[in-house]
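Note sheet for the following structure.
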Amino acid sequence: MDLKLEHHTTDGIEVVDVEGEIDVYTAPRLRELLIDLVNGGHYQLVVNMEKVEFLDSTGLGVLVGGLKRVRAHDGSLDLVCTQERILKIFRITGLTKVFGIHDGVDEAIAARKSEK
Amino acid sequence: MPTVEMTFTPLPAHVRTARLVATAVARRSGVPEALLDEVRLAVGEACSRAVEVHQEHCPAEPVKVALTGAGDRFEVVVTNTDVGDGGVEWPPQPAADGQDPAALPAELGLAVIAGLADDVQVSRNSDGLSIRMSWPSGAPAA
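Going line by line, the protein sequences match chains A and B.
Quick note: the first sequence uses my numbering, first residue 720, plus one each step.
Quick note: the second sequence uses my numbering, first residue 39, plus one each step.
Here you go:
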């Protein structure tokens with residue numbers, strides 16, 4: 720399974736839907752998309768990982784890189800993930816403290832809106 | 039003798055193949071289903087790291103992976119050519135208190151491996167630098 724990326728705007732927040740495997744081979748494509756979005760002025764991002772089948776440390780690095788880019792513009796990058804096998808790698812690396820991780824896109828958007 | 043041995047050109051695209059083969063041999067060796075995701079992720083991390091080292095220092099040299107399913111442990115050894123880089127710090131050191139948790143360690147992949155495999159050894163021998171990982175396995179599948 721390759722990586723499939725789509726994005727759309729909901730309530731002023733850019734939602735990135737990721738499907739497939741994020742690894743050392745595919746992660747550069749996600750990195751490019753996040754950079755393009757930030758360069759395009761999108762600083763409020765939600766990455767929906769509900770259809771991600773595999774995530775490794777390269778993918779984590781890309782997500783952290785994206786987070787740093789949006790924070791440089793006082794933005795945010797939240798994640799949507801309920802899969803235990805994906806959540807586990809965030810726990811192992813301590814990144815659950817770094818990202819807001821939500822159960823659904825609507826919840827992520829609502830949480831972001833309530834913080835504004 | 040390993041159950042399956044493979045070598046692959048150090049390209050990121052081949053890491054997925056190595057993961058798939060390792061997971062298939064682990065399943066065949068009787069590793070419980072609940073542990074297969076850990077095997078897949080840990081092998082991917084070790085291979086990604088080896089590919090990165092080879093791409094920087096010796097892109098013509100293949101990465102070696104040995105999978106052994108005999109006995110009560112399933113063992114994976116990923117070996118990269120010794121590039122004389124001083125080796126790796128094992129076990130990886132946790133982030134110091136007060137450090138920005140978003141500041142990822144240089145060897146994040148090793149930190150992931152340490153969190154996944156219950157038995158990991160990093161050693162240097164004539165073949166190069168090896169990461170040896172193992173998981174419990176039951177009776178091999180018929």
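Ideal placement from N, C-alpha and C gives every residue a C-beta, glycine not left out.
Quick caveat, the model's predicted, so the values are computed rather than measured.
- The Cβ atoms of valine 81(B) and valine 116(B) lie closer than 8 Å to each other.
- Under the Cβ criterion of 8 Å, glutamate 834(A) is not counted among the residues facing chain B.
- At a cut-off of 8 Å between beta-carbon atoms, arginine 748(A) makes no contact with chain B.
- Residue pairing from DSSP places histidine 727(A) in a beta bridge opposite Val734(A).
- Listed as beta-bridge partners of asparagine 758(A) by DSSP are no residues whatsoever.
- In terms of Cβ geometry, serine 795(A) and leucine 764(A) form a close pair [threshold 8 Å].
- Rounded to the nearest whole angstrom, the C-alpha separation of proline 50(B) and tyrosine 744(A) is 5 Å.
- The alpha-carbon of phenylalanine 46(B) is positioned some 12 Å away from that of valine 59(B).
- Note that the C-beta distance between glycine 176(B) and proline 70(B) is below 8 Å.
- Linking glycine 785(A) to arginine 750(A) through their CA atoms gives a straight-line distance of about 7 Å.
- Sequence-distant Cβ neighbours of valine 150(B) in its own chain, meaning closer than 6 Å and more than five residues away, are Glu83.
- Threonine 801(A) and leucine 146(B) do not touch by the CB rule: their CB atoms are close to 23 Å apart, not below 8 Å.
- Short of 8 Å from the beta carbon of glutamate 733(A), and not among the five residues preceding or following it, lie these beta carbons of its own chain, in chain order: His726, His727, Leu756, His761, Gln763, Leu764 and Val765.
- Within 7 Å of the CB of aspartate 75(B), the CB atoms of chain A belong to Arg804, in sequence order along the chain.
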